Amino acid sequence: MKLYMFDDSIIISGANLSQDYFTNRQDRYIIIEDCKSLVDFYIGLVELLGRMSFQLTNKNTLTLDPTWEHHPYKSPYKTYASEARKQLMQYYNTHIVKQSTSEKVTDTVVYPLIEFPPFDIHYDSQTTDLLMCNAEPGSTMHMATGYFNIPDIYINTMFQKSLANFKILFSHPMANSFQQAKGPAGFIPTAYSYLTNTFHSKIEKLELHERITCFEYQRTGWTFHSKGLWYTPNKSELPVLTAVGSSNYGT
């Protein structure tokens, strides 16, 4: 999660607060202003995750919150994961139900999704797959990912179940942040190129190229990290739904 909160506003992004992201990295930032309920939800979520995570002290040592009884690796993992899942689900469901009963009339709905595979929580990936499955014929789904490694469940849905058109944008090898890396990391762009070429070959083999189109981002001196999803219904000029966050839609 990459969240930046101040007062009653929040920036949701896929970017870290490091020098590269402020100079030559193409990424995505969404600011939602004056939305106290959303900010409160994320503050509580971060605090809950902090309780079940190691905390760095001013003496450069790690400690656990005294109210959290299960050590991440000294306790049986199933016990730790089960309690973490229980508390996350309770927190999430309580806040979602609370907001869903609001009688306010608005033109925009912001619906937080969470994804914690180690705790068997898959709301984000399940919702993404359902959206692909239920997209109306002739609609368009734009996807962007800096690191193309789409899981089989998404590929199967795109190829066999969905009736939407897909336009997928990912980084060109020269726009991959590992392009100049030393050692084994320098081969990472090649690995992603292999994955994209394999995906494109499947599209051609199944003759889906009119419905699924791939694009590569390349800009001299820049790297590409933007990620997101935009859904545009048939006969609509603009998207009516977008997904924001740090997911690259990878395995």
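My numbering applies: residue 1 is where the sequence shown begins, and numbers increase by one.
Beta carbons are placed, not taken as given, at the ideal position from N, Cα and C, and that holds for glycine.
None of the values given here were measured: they were computed from a predicted structure.
- Message: I'd like the list of long-range same chain contacts for R211, defined as Cβ closer than 6 Å, with 5 residues on each side in sequence excluded.
- Response: N165
- Message: By the three-class DSSP mapping on this structure, what secondary structure does Y277 have?
- Response: The structure shown has nothing for residue 277, since the chain only spans 1 to 251.
- When the Cα atoms are used, what is the spatial distance from D129 to I203? 19 Å
- Task: Helix, strand or coil for L17, going by three-state DSSP, please let me know.
- Result: coil
- Whether L3 touches I10 by CB criterion (8 Å): yes
- Proximity winner among T61, D40, Y73, relative to M52 (alpha-carbon distances): Y73
- How is the beta strand (DSSP E) around S171 delimited, first residue to last? 165-171
- Sequence-distant residues of its chain with Cβ nearer than 6 Å to N176 (five each side left out): P189
- Item | Distance CB(Q180)-CB(P173) smaller than 8 Å | no
- Message: Alpha carbons only, please: which of H225, S171, P184 is nearest the one belonging to Y192?
- Response: S171
- Query: Can you name, in chain order, every residue of its own chain whose Cβ lies under 8 Å from the Cβ of F54, other than the five neighbours on each side?
  - Reply: L62, T63, L64, P72
- Helix, strand or coil: which one does DSSP assign to F54? coil
- Query: Opposite C214 in the DSSP bridges: which residues?
  - Reply: I168
- So H142 is in the alpha helix (DSSP H); what residue range does that whole segment cover? Element bounds for H142: not the alpha helix (DSSP H) but the beta strand (DSSP E), 140-145.
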